Every structure is written in C-alpha cells, then in structure tokens.
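One structure is given here, and the rest of the page talks about it.
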Amino acid sequence: MNKKSRKRSLFDAAIARKAFWASVRKLNPVYQIKNPVMFVVEVGSILTTLLFIHSLFGKGEAAPGFILQISVWLWVTVLFANFAESMAEGRGKAQAEALRKTRRETMANSLSRADRNADVKQVSSSQLRRGDIVLVEAGEVIPMDGEVVEGVASVNESAITGESAPVIRESGGDRSAVTGGTMVLSDWLVIRITANPGETFLDRMISMVEGAKRQKTPNEIALDILLAGMTIIFLVVTATLLPYSVFSVKAAGHGSPVTITVLVALLVCLIPTTIGGLLSAIGIAGMDRMIQANVIAMSGRAVEAAGDVDVLLLDKTGTITLGDRQATAFLPAPGVDVRALADAAQLASLADETPEGRSIVVLAKELYGLRERDIHALGAAFVPFTAQTRMSGVNLGARQIRKGAADAVEEYVKQRGGFLPSDVRRMVDEVAREGGTPLVVAEEKKVLGVIKLKDIVKGGMKERFAELRRMGIKTIMITGDNPLTAAAVSAEAGVDDFLAQATPETKLKLIREHQAGGRLVAMTGDGTNDAPALAQADVAVAMNTGTQAAKEAGNLVDLDSNPTKLIEIVEIGKQLLMTRGTLTTFSIANDVAKYFAILPAAFISIYPELGALNIMALNSPQSAVLSAVIFNAIIIIFLVPLALRGVKYRSLGAQAVLRNNALIYGLGGLLVPFIGIKLIDMLITAMKIV
638 MNKKSRKRSL FDAAIARKAF WASVRKLNPV YQIKNPVMFV VEVGSILTTL
688 LFIHSLFGKG EAAPGFILQI SVWLWVTVLF ANFAESMAEG RGKAQAEALR
738 KTRRETMANS LSRADRNADV KQVSSSQLRR GDIVLVEAGE VIPMDGEVVE
788 GVASVNESAI TGESAPVIRE SGGDRSAVTG GTMVLSDWLV IRITANPGET
838 FLDRMISMVE GAKRQKTPNE IALDILLAGM TIIFLVVTAT LLPYSVFSVK
888 AAGHGSPVTI TVLVALLVCL IPTTIGGLLS AIGIAGMDRM IQANVIAMSG
938 RAVEAAGDVD VLLLDKTGTI TLGDRQATAF LPAPGVDVRA LADAAQLASL
988 ADETPEGRSI VVLAKELYGL RERDIHALGA AFVPFTAQTR MSGVNLGARQ
1038 IRKGAADAVE EYVKQRGGFL PSDVRRMVDE VAREGGTPLV VAEEKKVLGV
1088 IKLKDIVKGG MKERFAELRR MGIKTIMITG DNPLTAAAVS AEAGVDDFLA
1138 QATPETKLKL IREHQAGGRL VAMTGDGTND APALAQADVA VAMNTGTQAA
1188 KEAGNLVDLD SNPTKLIEIV EIGKQLLMTR GTLTTFSIAN DVAKYFAILP
1238 AAFISIYPEL GALNIMALNS PQSAVLSAVI FNAIIIIFLV PLALRGVKYR
1288 SLGAQAVLRN NALIYGLGGL LVPFIGIKLI DMLITAMKIV
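Per the numbering used here, the sequence shown starts with residue 638, numbered consecutively.
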C-alpha cells in the first residue's frame, strides 16, 4: 500500500457507487436499530408510507400527494445518513483492499533450529505458527511477522510504508522486527515467527482500516446515549400532541386535529437527526485521516484519546534534535597537548561505527592531520560501549584508552589511582550548559581532556512546541543525557520540562505520576526498553522499525517511523473531537429553527394566534411542514464532506475554540435553517408542489 492509494478524492466515483448500494442495504431495520435516532426516522418513514397507501384506498388523514412527499423525504433522510456512513466505510475498505493485495501466499524455508545451517524444509506460509524459525534470503518474501534472531539484511518495506528506500534489519537491536509480505533485498535473515495466521500486523491493519469493524469509543457511546435520550423525550412529547390537539378542537369548536403525518414530520425534525446520521461517519473518517498520515490505529479509543492528551513525552535524539551528534572540539586537560588528546580520541574511536565515533575520527584528521591507522597492524583490542560501563575504548598493549560519560570515566580512573581534575569537571559542565554532550578521554589513570559533541535542534521545533503549549499540552523531553545537557537542549528547543538520564523505570514512573494527577499522557518509542512505558501511556505510538515488543505495547503504529508524528497525531485527534462537537452544536441549533417552522403550522387551524410565530412568512401549513422535512434531509448530505474531511483544528486555546464553535456552528445552526427553509418554501410554492 503506497501513500497515493491512501490519498483518495473525497468523493471517489467507485467508492460513491458502492456506498449508494450499501446505504440501501442498511435500510434493514436489524442494522438500523443500532442507531436509535435514525431507527426512529425509519419507523416514521414506514408509518407515513402506510398512511399514503391507506389514503389511496380510503379516506386518508391528508391529501395523498402531501403524505407521499413527506414519506419520500423521510426515506431520503435515512438514505443520506446511511450514505455518509457508507462513504466513510468505503474509503477504509478501499485502503484495506489495497493492503490485501500486498498479502500473498509464499513458500518458506522452515529451519529445525535457530541456525542458518540447520535442516531446511519447504512449507507454505499459512502453515507457519508462532515460534517457528525460517530462513529468508535475498530476493525472497518474508512469509510472516517475526523477529530477526541471526543475520543482517536490507529489506524493502515499500508495500507497507509506501517508502521506496530499503531499511536495515538485524538481530539483537531495536530494528529486529520484520513484517510479513516485505522482501529481503540483500544477504539473509533467520527469523523467529511471532504471529499465527490471521494475527499478523498486516491482518490487524486490514481489520482496523475497515470502517465496518471499527468499535465505538466511550465518548461515542456516551453521545449515542444522549441522542437516544433526547429522541425518547421528543417522542413522548410528540405522542402527547395528538390527544392534546383532539381535545383542543373540541374545546375551541373549530379547526382540525393535527395529523399523524405532520406529527411524524415534527418528531423527525426535532430529534437530532443531523448528528445522529453523521456520528458514525465522523468516527470512521477520523481513523481514515490517521491512515492518511501513515499511522495505523489499533483502536478507535487511541485516536480519540489523542485529542484529549495533556502531556507529550518525546525522545530528544531523532525527535527534537537531528540525532547525529558531531564532534566539534577537543578540550585538553591542563598539561596535556591537544594533539595527544586528539590522537587518543581517534584511536578509541577507530572501531566505533556510530555517527559520533566517525565524527571524532574525521575531526582529528581535519584539525591535526591524524590519519586513520591500520587497526590490524596496531594489534588493537577494542572495547565496545555498553549501557553498564557507559564507555568504549581500545587496548594497545599496555595502553588502555577509554572515552565516555564523565562520571563513568571518573570511576574508571579512580579505580586505577587517578582523579578527575577540577578544570576538566568545569569543561564538562560548560559543554553541558551549552547544550553539547561531553565525552571524557582517559589513558589508564590520567584524564586527557574532553571531546565536545553537539546535536542540532531541528528547525521549527520551537514553534511547534509553542503551538502545543497554546493547545494546553505540556511537552517533556526524554533523554539519556546528563541534567545540564538536557536543560540546555530543552531551553533551546522550547520544551516545558525534561527527564534526564532516563531509564525504563523512570519513564514509567513519570507517566504514572502524570496520570495520577488526572492527565492523559502520550509518548513514542521503538525499543523493547520502551515497551513498559508504551503500555502505560494513554496514547502510545510505536515505530514500525522498532521491536515487536514495542509494537505490541503501542496502540498506534507509525509506518514512517517518524517520532515527530506524535504532534500530528494529537492534531488529528483534536480534529476528530472538534468535528464531532461542532456538528453536534450545529444539529441541536438546527432543531430550534425547525421548531418555528412546523409547530405553528401544525396548530394554526386551532389557534390562529400562532400565526405570529410564522416569522419566516411561510406560504401555508403544508408548505411549512414539507420545507422543514426537505431541509432536514438535504442538510445531512451537505455536511457529509465536513464529516469526512473534518473541521480544521487551530491551536487557539479552549476558550477561543468554544467561542468560535458557538458563533460559527451555534449561531450558524440557528440562521441556516431559517434561510434554507424559506428558500425551499418559495421553490415548492412556485412549482405548485403543495
């Protein structure tokens, strides 16, 4: 599935045709009863249809033509509501179909054990189960989701992510997860299968993008209950109007009782049909917009929760900063020649394949002409970096050179009878205050100096964080750096707070503290060590390039593996909530205007004084009722694009958003029906429809 397939036009002709027939099938009362508001409208449609048939073969309660027109427009109201939902579902199903095309039955090389040289047996991918071991070589398709247990290879994931550039997958790191249906381009991988058939990441993606399988969120359920309650209240009120009108006719001695057809029209216009017809489409379209952002939502609750997030936890490296720290200076300790420091730093970095390590080698060569040495001729034994030692280095016979975090190197030289000079400590603090990362270099018990590493804050991040602040969202930078470095970078980037020297335990503790205060927390992660915090967060965005543990812990998966996507996800969530809120406001405001159209028309023959409420100067009671019913139907179809596209979110603050919502959709919801009903009344009067 590529990105172009996701960005369909709002009313794709093929989707619209399927949506039309789907909306007809959804007239089935068994389906319609799931939406109480529209079920009442359908029951009213059936009742008026029966009244029309009765009027043809006997004395009807009104002219057959009038009853027929009311009945037809009530059926159109139900169809338009079904069409809105079907359009939203159709867009999701089209995306799901594109995903299905990427799923294929393949033959897999099943291994007897996790060893490339083990016995191989050819099996179908559908026969694989969780825990099986397979070998995938260059040019072969990965048969099922899994984790690399041996090997390193380039993998084409364009079928899933839409990105043409291949990615590296290897064992033992945060990039060990592989997805079924992707292709190995080079080398080979031994993979442990992590899913059974029907449980793969691709299967979950297909299930979630199909709108028909979307579960309602708690907020949707609550709004459904509210709308059902309002419908019941109006139903009871409307039902009492029939005996009341009969009694009023007898008491007044003139006029005629209100007809059942008019009462049905009144009920349909007063219950919240607009939001009732669009509610499901709004939720499905919200998930569709998440898909367009290349994010798979494992639940509708996650999309909705994103709109209510109060706290964002963001990794520093790769999210706030560019991620590749570069060596910018060598700062020698007192009495140490800077060339000696550069020489030792380069030796300790020759086998360091990280961007930081390579930049140290390059800086020593550029500043002091120190060329890379033949590591085999040197007889060098390199010491890799570990999370426990927080150092790396090299042993050259009797020479033992180490570089790493200041406190780790200080402990190292203390064990050998040395110490960290106060001047070096000041250098470390100064580099940290400037937002850099200090690496201390030592040879045996002697500290040689400091390497200054600098990570660059991404352009525009300060503005993005200011925008989040206006939304009322607190941003917290998560970093393994020391507190001084973290403070400098957070100040430069404009984040509200930071967590330095972060561990899985401290991340989890921080999330729980904020949640205990009643706040919703969002975070991103890609490693196994992020899984506990992702599982705890309310909105957890796992990177597609991350480990299987991270993806299973998250409730959103970013196919682009872009940690800054979290900001966009929050905006999509807020857009969903705003769309639902604004259309609810518009729908309820609409009902007030329709009240002025139908109620005076229904009782004007009994109480002529009600003519004073005919402020729209509608032509006749019949045209007033019919105009209101027609408007009630067509307003749904006019609002379908807004429900699918969503109300554009702007970070104006809660008070400003509420004010704009009341002015635009509240006041607009009051005025639009007055104008629309009047225009329809003029049109049907001119056409002599009533």
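Here a beta-carbon is modelled for each residue, glycine too, at the ideal position from N, C-alpha and C. Treat the numbers as computed from the prediction; the structure is a model and nothing was measured.
Looking at the structure shown, is residue i part of a helix, part of a strand, or coil, going by DSSP?
i	result
Glu1189	helix
Thr837	coil
Ser761	strand
Asp1201	Correcting the residue type first, residue 1201 is Thr in the shown sequence and not Asp. Three-state DSSP puts Thr1201 in coil, outside helix and strand.
Arg643	No answer about Arg643 holds up, because its pLDDT of 45 lies below 50 and its placement is not dependable.
Arg962	coil
Glu698	coil
Phe1056	coil
Ala1254	coil
Gly1218	helix
Met638	With a pLDDT of only 45 at Met638, under 50, the local geometry of the prediction cannot be trusted, and the value read off the model is given with reservation. Residue state, collapsed to three classes: coil.
Ser624	There is simply no residue 624 to check, as the chain begins at 638 and stops at 1327 in what is shown.
Val1061	helix
Ile707	helix
Met1160	strand
Gly1041	strand
Ala849	The pLDDT assigned to Ala849 is 42, lower than 50, so where the model puts this residue is not dependable; a value taken from the coordinates is nonetheless given after this. Here Ala849 sits in helix by DSSP.
Lys1144	helix
Val1126	helix
Asp980	helix
Ile858	helix
Asp1195	strand
Ala1323	helix
Thr877	helix
Thr1184	coil
Pick out whichever of the options has its Cα sitting closest to the Cα of residue i.
i	options	result
Ile828	Ala755, Ile897 and Thr685	Ala755
Gln706	Met724, Met867, Leu765 and Ala902	Ala902
Leu872	His891, Leu949 and Ile908	Ile908
Thr1122	Thr958, Glu1142, Met1160 and Lys887	Thr958
Leu1367	Met781, Ala775 and Ile1225	Because the chain spans 638 through 1327 in this model, residue 1367 falls outside it and cannot be assessed.
Ala1125	Ser749, Lys1091, Ala1249 and Glu993	Lys1091
Ile1326	Leu693, Met1160, Gly702 and His691	Gly702
Thr1161	Ser893, Ala1239 and Leu1171	Leu1171
His891	Ser1242, Pro1278 and Leu1250	Ser1242
Ser761	Gly1283, Pro834 and Glu1189	Pro834
Could you pull out every residue in the same chain whose Cβ sits closer than 8 Å to the Cβ of residue i, ignoring the five residues on either side in sequence?
i	result
Gly1055	Ala1079, Glu1081, Lys1082, Lys1083 and Val1084
Ile1113	Val948, Leu949, Leu950, Leu951, Val1132, Asp1133, Asp1134, Phe1135, Leu1136 and Leu1147
Arg995	Ser986 and Asp989
How far does the beta strand (DSSP E) with residue i in it reach, from first residue to last?
i	result
Pro1075	Gly1073 to Glu1080
Val789	Val789 to Asn793
Leu915	From DSSP, Leu915 is part of no beta strand (DSSP E) but of the alpha helix (DSSP H) over Thr910 to Gln929.
Ile897	Segment Ile897 to Leu907 is the alpha helix (DSSP H) holding Ile897; no beta strand (DSSP E) there.
Met1098	No beta strand (DSSP E) contains Met1098, which is instead part of the alpha helix (DSSP H) from Met1098 to Arg1107.
Phe1135	Asp1134 to Leu1136
Arg995	Counting along the chain, Arg995 falls outside any beta strand (DSSP E), though it belongs to the alpha helix (DSSP H) covering Pro992 to Tyr1005.
Go through its chain and collect everything with a Cβ distance to residue i's Cβ below 6 Å, but skip five positions before and after it.
i	result
Gly1041	Arg1027 and Met1028
Leu1193	Val932, Ala934, Ala939 and Val1178
Gly783	Val815, Ile828, Arg829, Ile830 and Thr831
Gly923	Val940 and Leu1213
Gly1154	none
Val1262	Val899, Ala902, Ile1235 and Ala1238
Ser917	Glu722
Gly1313	Phe1268
Got a sec? Which residues, its chain only, sit under 7 Å from residue i by beta carbon, not counting five neighbours each side?
i	result
Leu1276	Thr911, Leu915 and Leu1220
Leu688	Gly697, Glu698, Ile704, Ile897 and Thr898
Gly681	Leu711, Val901, Leu904 and Val905
Gln1152	Val1158
Ala981	Ile1038, Val1078, Glu1080 and Leu1085
Val1284	Gln1212, Met1215, Thr1216 and Thr1219
Grab the span of the alpha helix (DSSP H) containing residue i for me, first residue to last.
i	result
Val669	Note that residue 669 is Gln in the sequence shown here, rather than Val. Note, Gln669: alpha helix (DSSP H), Pro666 to Gln669.
Asp1086	The sequence as given places Gly at residue 1086; Asp does not occur at that position. Premise fails: Gly1086 lies in the beta strand (DSSP E), Lys1083 to Lys1091, not in any alpha helix (DSSP H).
Val946	No alpha helix (DSSP H) holds Val946; DSSP gives it neither H nor E.
Which residues share a DSSP beta bridge with residue i?
i	result
Val815	Gly783
Pro969	Gly1086
Trp825	Glu774
Asn746	Gln759 and Leu772
Glu941	BP columns for Glu941 are empty, so no partner.
Lys1111	Val948
Met820	Val778 and Asn793
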